[in-house]
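Chains as they are written, first to last, in my numbering: chain A, 303 to 495; chain B, 303 to 495.
Protein chains: 2
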Amino acid sequence: MARPLEFDKNVALEKAMDVFWEKGFEATSLQDLIDTMGLSKSSFYQAFGGKLELFSTALNHYTDSMAANMATRLESTPSGIEFIRNTFMEIVAQAPTDLGMKGCFLMNTASEFAQRDTEIAALTKGGVKKFESVFFKAIEKSQEAGEISSEKDAHSLAYFLVCNMSGLKTMVKAGAKRRQLRAVVDTLLASLN
Amino acid sequence: MARPLEFDKNVALEKAMDVFWEKGFEATSLQDLIDTMGLSKSSFYQAFGGKLELFSTALNHYTDSMAANMATRLESTPSGIEFIRNTFMEIVAQAPTDLGMKGCFLMNTASEFAQRDTEIAALTKGGVKKFESVFFKAIEKSQEAGEISSEKDAHSLAYFLVCNMSGLKTMVKAGAKRRQLRAVVDTLLASLN
DNA sequence: CTTATTATGGACTAACCAGTCCATAATGGA
DNA sequence: TCCATTATGGACTGGTTAGTCCATAATAAG
Numbered sequence: 303m304a305r306p307l308e309f310d311k312n313v314a315l316e317k318a319m320d321v322f323w324e325k326g327f328e329a330t331s332l333q334d335l336i337d338t339m340g341l342s343k344s345s346f347y348q349a350f351g352g353k354l355e356l357f358s359t360a361l362n363h364y365t366d367s368m369a370a371n372m373a374t375r376l377e378s379t380p381s382g383i384e385f386i387r388n389t390f391m392e393i394v395a396q397a398p399t400d401l402g403m404k405g406c407f408l409m410n411t412a413s414e415f416a417q418r419d420t421e422i423a424a425l426t427k428g429g430v431k432k433f434e435s436v437f438f439k440a441i442e443k444s445q446e447a448g449e450i451s452s453e454k455d456a457h458s459l460a461y462f463l464v465c466n467m468s469g470l471k472t473m474v475k476a477g478a479k480r481r482q483l484r485a486v487v488d489t490l491l492a493s494l495n
Numbered sequence: 303m304a305r306p307l308e309f310d311k312n313v314a315l316e317k318a319m320d321v322f323w324e325k326g327f328e329a330t331s332l333q334d335l336i337d338t339m340g341l342s343k344s345s346f347y348q349a350f351g352g353k354l355e356l357f358s359t360a361l362n363h364y365t366d367s368m369a370a371n372m373a374t375r376l377e378s379t380p381s382g383i384e385f386i387r388n389t390f391m392e393i394v395a396q397a398p399t400d401l402g403m404k405g406c407f408l409m410n411t412a413s414e415f416a417q418r419d420t421e422i423a424a425l426t427k428g429g430v431k432k433f434e435s436v437f438f439k440a441i442e443k444s445q446e447a448g449e450i451s452s453e454k455d456a457h458s459l460a461y462f463l464v465c466n467m468s469g470l471k472t473m474v475k476a477g478a479k480r481r482q483l484r485a486v487v488d489t490l491l492a493s494l495n
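This is the structure:
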């Protein structure tokens with residue numbers, strides 16, 4: 303019926319997500335975006351509405367795909383506590399890499415400007431819940447298997463894990479050494495028993 | 303010998319710190335700064351060199367005064383673990399206030415652009431050490447008093463506390479409720495014993 | 001009072017910002 | 001083939017950015 307798009311919208315969105323993830327909202331210019339995404343200004347506005355709108359879309363894409371990824375890994379891991387250990391060990395492992403230095407897109411966003419934009423604030427709240435819910439399931443699983451005492455409140459523990467995930471990823475950005483992160487994870491895991 | 307400054311440099315620096323703290327580096331314009339600091343562009347550049355230079359100065363001022371403040375409070379608190387509890391309870395208490403929503407200037411900075419500027423990266427590393435060292439002293443104090451087992455590594459615990467402090471302050475920005483933060487602090491404090 | 005020194009106000013710059021608009025290109029259906 | 005529809009390239013906008021520069025104001029020493 304009409305001229306088709308010359309680019310893959312999902313691919314372009316992922317590239318935009320990477321830029322926002324690495325540089326944040328303010329430090330990312332429209333030029334950065336259209337260069338990385340490889341499309342013209344017209345196509346950009348046509349397809350994604352604008353900078354802020356694209357940012358929201360990218361952030362939602364991030365939390366959805368990340369949480370889905372974690373949920374899948376949880377299902378394929380026999381032990382809940384093993385899933386938790388793996389998740390945190392991965393943060394330690396990728397600490398000195400480019401990926402590690404980007405931190406967590408969700409927490410970066412909360413830190414940068416959640417309180418300046420109510421829509422973004424709602425998005426970060428929702429994003430936290432997605433991660434929290436995966437940890438909650440992992441803890442329930444562990445409690446059923448007797449790995450974690452059932453007397454502990456699973457919701458509190460889940461939030462505690464999210465909080466430590468956020469803290470660890472920020473410490474990576476603040477220049478933490480692997481052994482320091484490792485020590486934190488050890489302490490954290492020990493506190494679950 | 304010559305015309306004197308019409309403003310107090312320290313007062314101006316504190317005001318600049320507040321703006322950077324609240325809005326971050328990128329989102330703070332020179333106009334924001336000179337408006338808040340109440341001085342002209344010429345005086346601004348004359349006295350503080352430039353935006354980035356002022357940011358460094360403000361960040362250093364923040365970590366120095368914050369760490370000094372904590373050190374003083376530690377000395378005047380009989381029990382090390384009580385100091386730790388107070389410190390974290392204060393974060394919970396001020397969570398829904400304007401101050402709480404600003405988060406931690408140091409961690410905000412690490413999150414925003416530590417990895418884009420090597421000088422700032424060095425500053426954040428140093429800032430973390432300042433906080434870590436206060437917690438380290440608090441833990442040593444607690445271990446001497448028998449409140450915390452001496453078998454635990456004080457350095458690891460100190461870093462664990464810094465990490466949780468960072469995490470909690472980010473969770474505040476992400477819209478955490480008081481009772482969620484409270485639960486995290488309870489879990490954290492319980493893990494020290 | 002004069003002079004050397006420094007602070008200040010305000011005009012100015014060049015680059016960049018997000019976003020708009022329109023003429024043109026490309027496509028599928030009739 | 002022709003037309004309706006949509007995508008695209010690129011020129012353009014008004015506003016903002018950090019930072020510079022100079023003429024003038026204020027001061028303290030002599």
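Glycine residues also receive a C-beta, built at the ideal position from the N, C-alpha and C atoms.
When DSSP states are grouped into helix, strand and coil, residue 389 (chain B) belongs to the helix group. Put simply, the backbone Cα of residue 432 (chain B) is about 28 Å away from that of residue 329 (chain A).
If you ignore the 5 residues before and after residue 332 (chain A), its C-beta comes within less than 8 Å of the C-beta of 343, 346 and 353, all in its own chain and listed in chain order. Listed along chain B are 489, each with a C-beta nearer than 8 Å to that of residue 459 (chain A). Annotation for residue 369 (chain B): the continuous alpha helix (DSSP H) segment containing it runs 353-377. Non-local beta-carbon contacts of residue 456 (chain B) in its own chain, meaning distances under 6 Å to residues more than five positions away in sequence, involve 438, 441 and 442 in chain order.
Put simply, the region 462-482 of chain B touches the region 403-423 of chain A. At least three CB pairs are less than 8 Å apart. Within a 10 Å sphere around the beta-carbon of residue 453 (chain B) sit fewer than 16 other beta-carbons, which makes this residue exposed. Cβ-Cβ distances below 6 Å link residue 372 (chain B) to 436 in the same chain, with the five nearest sequence neighbours on each side left out; the list follows chain order. Residue 352 (chain B) has a beta carbon lying at 8 Å or more from every beta carbon in chain A. In this structure, the beta-carbon distance from residue 364 (chain A) to residue 408 (chain A) falls below 8 Å.
Using a Cβ-Cβ cut-off of 7 Å, residue 417 (chain B) is close to 403 and 475 of chain A, given in chain order.
Rounded to the nearest angstrom, the Cβ distance from residue 469 (chain B) to residue 465 (chain A) is 4 Å, consistent with a contact under 8 Å.
Interface criterion not met: the Cβ of residue 340 (chain B) is under 8 Å from no Cβ in chain A. Within the region 446-492 of chain B, the complete alpha helix (DSSP H) segments at least 4 residues long are 456-475, listed from N- to C-terminus.
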